[in-house]
Amino acid sequence: MTPEALADLVRTAVAQLLADRGLDATSLPAQVTVERPRNPEHGDYATNIALQLAKKAGVAPRDLATWLAEVLRSQKAIAKADVAGPGFINLTIATEARGAIVEDALEDGYGTGTELAGKKINLEFVSANPTGPIHLGGARWAAVGDALGRVLEARGAEVTREYYFNDAGAQIDRFVRSLIAAAKGEPAPEDGYAGTYVSDIAAEVLRREPGALSDPETVRKVGVGLMFDEIKRSLHEFGTDFDVYFHEDSLHQDGRVAEAVERIKANGALYEKDGAWWLRSTDYGDDKDRVVIKSDGAPAYIAGDIAYFLDKRARGADLCIYMLGADHHGYVSRLKAAAAALGDDPATVEVLIGQLVNLVSGGQPVRMSKRAGAVITMEDLVDAVGVDAARYAMIRSSVDSSLDIDLDLLRKHSNDNPVYYVQYAHARTSSILRNAADLGITPGEDFALLTHEREGDLIRTIGEFPRVVATAAELREPHRVARYLEELAGTYHRFQQDCRVLPRGDEETTPLHQVRLQLVNATRRVFAAGLGLLGVAAPERM
RNA sequence: GCGCUCGUAGCUCAACGGAUAGAGCAUCUGACUACGGAUCAGAAGGUUACAGGUUCGAAUCCUGUCGAGCGCGCCA
18 MTPEALADLV RTAVAQLLAD RGLDATSLPA QVTVERPRNP EHGDYATNIA
68 LQLAKKAGVA PRDLATWLAE VLRSQKAIAK ADVAGPGFIN LTIATEARGA
118 IVEDALEDGY GTGTELAGKK INLEFVSANP TGPIHLGGAR WAAVGDALGR
168 VLEARGAEVT REYYFNDAGA QIDRFVRSLI AAAKGEPAPE DGYAGTYVSD
218 IAAEVLRREP GALSDPETVR KVGVGLMFDE IKRSLHEFGT DFDVYFHEDS
268 LHQDGRVAEA VERIKANGAL YEKDGAWWLR STDYGDDKDR VVIKSDGAPA
318 YIAGDIAYFL DKRARGADLC IYMLGADHHG YVSRLKAAAA ALGDDPATVE
368 VLIGQLVNLV SGGQPVRMSK RAGAVITMED LVDAVGVDAA RYAMIRSSVD
418 SSLDIDLDLL RKHSNDNPVY YVQYAHARTS SILRNAADLG ITPGEDFALL
468 THEREGDLIR TIGEFPRVVA TAAELREPHR VARYLEELAG TYHRFQQDCR
518 VLPRGDEETT PLHQVRLQLV NATRRVFAAG LGLLGVAAPE RM
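Letter by letter, the first sequence follows residues 18 to 559 in the numbering used here.
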């Protein structure tokens, strides 16, 4: 019996109980969940449904729990149902019913679901300014955003990954001036960009267009193009590719910005003050209203965002998710207000704010000075620890917390990264499967033989996978998958320590060997699927 | 000053309002004729920044204080 099936069973039992006792059943939640109790002595699963319903039903929680436990005990698949504490019900699954979990895990697509089926999600992340390489912060969004996209897809969503190139406006002008200065061998402009990448790109521009210095427009075109390529290449090497690389400039060129502005103006969503046109972003929590059309008639930056949102919706997105760094948290209200001004539902805008990545060395924070070009890039991180360790370090913690990265520590103790703990567990399962194949041993299905405590732990943990992925998708928190894999790895390592899978040299192959082999097989598949969701390799040997 | 986010073991971080707050690293003690020891068993480490409140139950929700990061342009 899988936890999902158990939850359904509990729900049915509750509904029946409420009806039998003539209690108010309207408060029964649509979804009843069972949880893994922290303390294994409490049983395989626990439900607090009696606590949730007691007050509404007008019954003492323990009474309700006692009645419910009685109903549940009559089920064949449930070996034990005990009331505990204020009204928890602890449930233990019959040993012979646990095989369903292993069988599920052996199916293709274990962990996937359909609750997001038919939902088109536009997922925008990274979107770093194309005036330099991706930094540590961008690496965090690249890893987390990519993993989130995979998790959402696993639960049925149709995801478009998108990178918004801010290639219009003053910062690009500064970048181009920096390129020209570098090409002439002059120092970077006061408000420009330094760093070797600037001179590298400047040199490449001159190599391709020797006469470029006389034509700033050529420098812009070629130089910015090279920067785009560089960013795409480094992201690709990081394992993150986008479906759409969107150029802000294109919105201005073909009139979509003007069109969007006209539309919200016609909606009466803008007001005029001091010769400019303003958006009422304060209605959505902003500090102050924002200018959309400047008094000189030119569109402000936010006008591009409005047109971009309109374009995403026109391309069919039901939901637009923006992953932004904490330094952009002010955008939340503006983007919501923009959607409302267009006559759209602000709920189609979902902004995820992630805290920043700090670089530390020897416990001291290191200031990354962009002006001096003294920055740690995503590529530096990958060079130091490799793609898998870099991605994993970024993904495994919640984006709600700022993250401290100590490069020296990572370099020195690269094996300390929990990713190796997980990958090694996968490699061990692969090794056993290889050995079994060499010995000609085939998996068995006599799950009732799996009575060892470690086997039960492993089966229960495998059974959690689909719900972990579902929760990660629902809460937009891919780090849950990473944490789950660490738990699974620990459970597996302990299993392999205590439970011999293959027969030793002088032993005959028994059905227990064979069913354990099947359990290892299922475990390996969950590791592979979980690591796949994170975009991290699942090596068969290390 | 106002706003947003955060504050959990020595360090890096978990814990969708649930039971005794968990992992890894670092420290200490054990298991090596090992289906791969990149592993396992155990010890030690906490007033979840602080003070109130709500709740059967709070690290989690509410209020205040302290501390940290970020944001407060007709820049992009």
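Note that CB positions come from ideal geometry on N, CA and C, so glycine has one too.
Quiz prompt | Simplified DSSP assignment, three categories, for Asp-579 | solution = For the chain, the structure presents residues 18 to 559; residue 579 sits outside this window and is missing.
Quiz prompt | CA nearest to the CA of Ala-164, picked from Asn-65, Leu-534, Glu-141 and Thr-109 | solution = Position 147 of the first sequence, counting from 1, holds the residue named residue 164. Looking at the Cα atoms, Glu-141 is the closest of the given residues.
Practice problem: Output the distance between the C-alpha atoms of Arg-115 and Glu-87, rounded to the nearest integer angstrom. | Solution: Counting from one through the first sequence, the residue named residue 115 turns up at place 98. Counting from one through the first sequence, the residue named residue 87 turns up at place 70. For Arg-115 and Glu-87, the distance between alpha carbons rounds to 21 Å.
Quiz item: For the alpha helix (DSSP H) that Lys-282 lies in, which residues bound it at each end?
Solution: Within the first sequence, numbered from 1, the residue matching residue 282 stands at position 265. Note, Lys-282: alpha helix (DSSP H), 273 to 283.
Quiz item: In its own chain, which residues sit with a C-beta less than 6 Å from the C-beta of Arg-413, not counting the 5 before and 5 after it?
Solution: If you number the first sequence from 1, residue 413 lands on position 396. Cβ neighbours of Arg-413 beyond the five flanking positions: His-496 and Ala-499.
Exercise. May I have the straight-line CA-CA distance separating Ile-197 from Gly-321, to the nearest angstrom?
Key: The residue labelled residue 197 in the question sits at position 180 within the first sequence. The residue labelled residue 321 in the question sits at position 304 within the first sequence. Answer to the nearest angstrom: the Cα atoms are 27 Å apart.
Practice problem: With DSSP collapsed to three states, give me the class of Lys-201. | Solution: Along the first sequence, one-based indexing puts residue 201 at 184. In this structure, Lys-201 counts as coil in the three-state DSSP scheme.
Practice problem: To the nearest angstrom, report how far apart Ala-293 and Val-308 are at their CA atoms. | Solution: Sequence index remark: in the first sequence, residue 293 carries index 276 (1-based). Sequence index remark: in the first sequence, residue 308 carries index 291 (1-based). Going from the Cα of Ala-293 to the Cα of Val-308 covers about 7 Å.
Practice problem: Taking Lys-329 as part of the alpha helix (DSSP H), name the residues at either end of that continuous run. | Solution: Here residue 329 refers to the residue found at position 312 when the first sequence is read from its first residue. Taken as a continuous stretch (DSSP letters only), the alpha helix (DSSP H) holding Lys-329 covers 318 to 331.
Quiz item: Would DSSP call Asn-452 helix, strand or coil?
Solution: Taking the first residue of the first sequence as 1, we reach residue 452 at position 435. If DSSP states are grouped into helix, strand and coil, Asn-452 belongs with the helices.
Exercise. Can you have a look at Asn-56 and say buried or exposed, based on whether 16 or more other CB atoms are within 10 angstroms of its CB?
Key: Taking the first sequence and counting its residues from 1, one reaches residue 56 at position 39. Flag for Asn-56 reads exposed.
Quiz item: What span of residues does the alpha helix (DSSP H) with Ile-118 cover, start to end?
Solution: As a first step, residue 118 must be located in the first sequence, where it is residue number 101. Note, Ile-118: alpha helix (DSSP H), 116 to 123.
Exercise. Measuring alpha carbon to alpha carbon, tell me which of Ile-449, Ala-171 and Asp-362 ends up nearest Arg-558.
Key: Here residue 558 refers to the residue found at position 541 when the first sequence is read from its first residue. The candidate whose alpha carbon is nearest that of Arg-558 is Ile-449.
Practice problem: For Leu-169, count neighbouring C-beta atoms within 10 Å of its own C-beta (all shown protein chains included) and say buried if the count is 16 or more, exposed if not. | Solution: Translated into positions along the first sequence, residue 169 becomes position 152. Result: buried.
Self-check item: First and last residue of the uninterrupted beta strand (DSSP E) at Met-340
Solution: Numbered from its first residue, the first sequence carries residue 340 at position 323. 336 to 342 is the span of the beta strand (DSSP E), which, as asked, contains Met-340.
Quiz item: So Ala-159 packs on Leu-252, CB below 8 Å; how close in whole Å?
Solution: Position 142 of the first sequence holds residue 159. Position 235 of the first sequence holds residue 252. About 6 Å separates the two Cβ atoms, so the contact holds.
Quiz item: Are the region 140 to 156 and the region 396 to 412 in contact at 8 Å, needing three or more beta carbon pairs?
Solution: yes
Practice problem: To the nearest angstrom, report how far apart Ala-277 and Ala-286 are at their CA atoms. | Solution: For this step, residue 277 is matched to residue 260 along the first sequence. For this step, residue 286 is matched to residue 269 along the first sequence. Cα to Cα, the separation comes out at about 12 Å.
Exercise. Within the same chain, show all residues whose beta-carbon is closer than 6 Å to that of Gly-390, passing over the 5 residues directly before and after it, in chain order.
Key: Translated into the one-based positions of the first sequence, residue 390 becomes position 373. At Gly-390, the pLDDT of 49 sits below 50, so the modelled position is not reliable and the matter cannot be decided from this model.
Practice problem: Please name the residue in Ala-101, Ala-94, Asp-335 and Val-161 whose C-alpha comes closest to that of Asp-570. | Solution: Because the chain is modelled from 18 through 559, residue 570 falls outside the range shown and cannot be assessed.
Quiz item: Beta carbon of Ile-370, beta carbon of Ala-343: below 9 Å?
Solution: On the first sequence, residue 370 is found 353 positions in, with the first residue counted as 1. On the first sequence, residue 343 is found 326 positions in, with the first residue counted as 1. It is a contact, given that the beta carbons lie within the stated cut-off.
Exercise. May I have the straight-line CA-CA distance separating Arg-388 from Ser-419, to the nearest angstrom?
Key: The residue you call residue 388 lines up with position 371 of the first sequence. The residue you call residue 419 lines up with position 402 of the first sequence. In this prediction, Arg-388 has a pLDDT of 49, which is less than 50 and means its spatial position is unreliable; nothing more can be read from the coordinates.
Quiz item: Can the beta-carbon of His-59 be found less than 9 Å from the beta-carbon of Ala-101?
Solution: Position 42 of the first sequence, counting from 1, holds the residue named residue 59. Position 84 of the first sequence, counting from 1, holds the residue named residue 101. A contact, by the Cβ cut-off of 9 Å.
Practice problem: Go ahead and label His-269 buried or exposed: buried means 16 or more other beta carbons lie within 10 angstroms of its beta carbon, across all protein chains shown. | Solution: For the purposes of this step, residue 269 is taken as the residue at position 252 of the first sequence. So His-269 ends up on the buried side.
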